[in-house]
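Student: Below is the structure I would like to discuss, written out as structure tokens.
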Amino acid sequence: EAAVTQSPRNKVAVTGGKVTLSCNQTNNHNNMYWYRQDTGHGLRLIHYSYGAGSTEKGDIPDGYKASRPSQENFSLILELATPSQTSVYFCASGESGGENTLYFGAGTRLSVL
Amino acid sequence: AQSVTQPDARVTVSEGASLQLRCKYSYSGTPYLFWYVQYPRQGLQLLLKYYSGDPVVQGVNGFEAEFIKSNSSFHLRKASVHWSDSAVYFCAVSGRAGGNNKLTFGQGTVLSVIP
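Note that the protein sequences, when read in sequence, are chains A and B.
Heads up: take any position in the first sequence, counting from 1, add 118, and you land on my numbering.
Heads up: take any position in the second sequence, counting from 1, add 3, and you land on my numbering.
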């Protein structure tokens, strides 16, 4: 079965520190996405990618960078973490073309103190 | 810009009762529509999707949804809920052009099923 794996599952970071969230997919999907989930906001799109080497800004990209070094891997980078970035982050993959079904990882719970 | 509104943040129903979770979307044209479910400490799982054809679509575990274009709605229904249906439910919309379109999610509805 298709799989999206996120690491770490939980992370505590200090304000001003650098945080990297990793995502690996074995679906061979071209598209990958990073969302954050906050109460009252649902899921909001941070960055996405159409393939290796590409990254695009989503709806709330400020304070985040993304990297897609390969088809399988997509990272989210917080260069200077702030408490407002405390959230649950989800990675997802999906086929290009087709019907836009996304497959999600289990999430990373990030606390910035 | 596309958007989704789920007007009910929380819904509580008794086990065995029927269920409707509301979803209204904004999109010019005919969109792709989805319902996802999130169980505690897990990622989202696809429950059902509408692409074209019959406006009533069936999903897993007895769930169904009806696409009503005139009302811009895609409400989720189940005839008889089980305690294991307790979860967070998200409605989502995406465009069709090119297939590489972002999903926009609603705020989610927390469903609690009581014995």
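We put the beta carbon where it would ideally sit given N, CA and C, even for glycine.
Need the endpoints of the beta strand (DSSP E) that Trp38/B sits in, please.
Tutor: Where Trp38/B is concerned, the enclosing beta strand (DSSP E) stretches over 35-41.
Student: Can you list the residues of chain B that His159/A reaches, using a CB-CB cut of under 8 Å?
Tutor: Chain B residues near His159/A: Gln110.
Student: Do we get a CB-CB distance below 8 Å when we pair Asn142/A with the residues of chain B?
Tutor: No, because no Cβ of chain B sits closer than 8 Å to the Cβ of Asn142/A.
Student: CB-CB under 6 Å to Gln9/B, same chain, minus the five flanking residues each way: which ones, in chain order?
Tutor: The answer, listed in chain order, is Cys26, Cys94, Gly109, Gln110, Thr112.
Student: Mind checking Asn149/A: buried by the 16 CB within 10 Å criterion, or exposed?
Tutor: Its Cβ being crowded by 16 or more others within 10 Å, Asn149/A is buried.
Student: For Glu18/B, list the residues DSSP reports as bridge partners.
Tutor: DSSP lists no partner for Glu18/B.
Student: Rounded to a whole number of angstroms, what is the C-alpha to C-alpha distance between Tyr30/B and Ser73/B?
Tutor: The straight-line gap from Cα to Cα measures roughly 12 Å.
Student: Would you list the residues sitting across from Tyr182/A in a DSSP beta bridge?
Tutor: According to DSSP, which records beta bridges pairwise, Tyr182/A is partnered with nothing at all.
Student: What residues match up with Arg80/B in a beta bridge as DSSP calls it?
Tutor: Answer is Gln23/B, Glu67/B.
Student: What residue range does the beta strand (DSSP E) around Lys129/A cover?
Tutor: First-last of the beta strand (DSSP E) with Lys129/A: 128-131.
Student: Do Ser115/B and Asn218/A have their C-beta atoms closer together than 8 Å?
Tutor: It is not a contact, given that the beta carbons lie outside the stated cut-off.
Student: Opposite Ala4/B in the DSSP bridges: which residues?
Tutor: DSSP, once it has assigned bridges, lists no residue as partnering Ala4/B.
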